[in-house]
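The sequence shown begins at 4 in the numbering used here and counts up one residue at a time.
Virtual Cβ for every residue (Gly too), placed ideally from N, Cα, C.
If you're wondering where the values come from, they're calculated on a predicted model, not measured in any experiment.
Okay, so here's the structure we're looking at.
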Amino acid sequence: MAAESQTRLFHRFPFVLVDRPREVKPGGASSLRLLSIDDALHEGMAADGLARADADVAGSTFAQSLLLEAMAQAAALFAEEEGRRTSGMLVGFRSVTFGRPPRTGDRLEIETRYVQRFGDIVRVAGRVTESGETLAEGEILLSLGDAPKE
């Protein structure tokens, strides 16, 4: 992942779901993610998306719920441009639809755009595609408040 975006996300390996930002601008971002055969986030997933200890790695899929998190991470690249926050969290979603689960070798394109903001809560429209096929689409809510003091 590009060094600039690595410092802007709140997550670290293996939970970073954005490999390469394509475009980051106020109000929107698009990013890429290549699902590799050794991706730690789909270990134990079988072709039907159910967790199994003896899953065939070649037929494995990426959990669809992680597509929402990928949208949230792409959105975090643009959502709080006015001032850097120390924390961010996916707190909700609505009108989300899923296509087929992503598979090893897929090149995911993650697109997000700003919809509305209310205080620290940001509503974002997002879509994840692979070769033009929509894998997930909907709205997510992000909380971009500061981390609690210890």
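### Closest Cα partner of residue 24 within the set 81, 106 and 72
If we check each option's Cα against that of residue 24, 81 comes out closest.
Alpha helix (DSSP H) segment containing residue 68, residue limits: Residue range 68-79 is occupied by the alpha helix (DSSP H) that includes residue 68.
Taking C-beta to C-beta, are residue 127 and residue 115 nearer than 9 Å?
Against a cut-off of 9 Å, the Cβ pair of residue 115 and residue 127 comes out as a contact.
Can you name the start and end residues of the beta strand (DSSP E) that residue 23 belongs to?
Taken as a continuous stretch (DSSP letters only), the beta strand (DSSP E) holding residue 23 covers 23-28.
Please go through the same chain and pick out, in chain order, the residues whose beta-carbon is closer than 7 Å to the beta-carbon of residue 123, but skip the five residues on each side of it. Scanning its chain for C-beta atoms nearer than 7 Å, with the 5 sequence neighbours on each side dropped, one finds around residue 123 the residues 146, 147 and 148, in chain order.
message: Using the Cβ count rule (16 or more neighbours within 10 Å means buried), how would you classify residue 40?
response: When all chains shown are included, residue 40 counts as exposed.
Thinking residue 139 and residue 67 are a contact (beta carbons under 8 Å), I'd like their distance in whole angstroms, please.
Sure, about 7 Å apart at Cβ, within 8 Å.
task = Using 10 angstroms around the beta-carbon of residue 46, count the other beta-carbons present and answer buried if the total reaches 16, otherwise exposed.
result = With a pLDDT of only 48 at residue 46, under the threshold of 50, the placement of this residue in the model should not be trusted, and no figure is reported.
*Measure the alpha-carbon distance for residue 38 versus residue 134 and round it to whole angstroms.*
When rounded, the distance between both Cα atoms is 13 Å.
Using a 10 Å radius around the Cβ and a threshold of 16 neighbouring Cβ atoms, would you call residue 97 buried or exposed? Counting of Cβ neighbours within 10 angstroms places residue 97 among the exposed residues, the total staying below 16.
field: Distance between residue 30 and residue 143 (C-alpha atoms, nearest Å)
entry: Between the alpha carbons of residue 143 and residue 30 lies a gap of roughly 14 Å.
Tell me which residue opens and which closes the beta strand (DSSP E) that residue 94 is part of.
92-101 is the span of the beta strand (DSSP E), which, as asked, contains residue 94.
Please report how far the alpha carbon of residue 118 lies from the alpha carbon of residue 129, in whole angstroms. Going from the Cα of residue 118 to the Cα of residue 129 covers about 10 Å.
Span separating the alpha-carbon of residue 71 from that of residue 107
Rounded to whole angstroms, residue 71 to residue 107 spans 18 Å at the Cα level.
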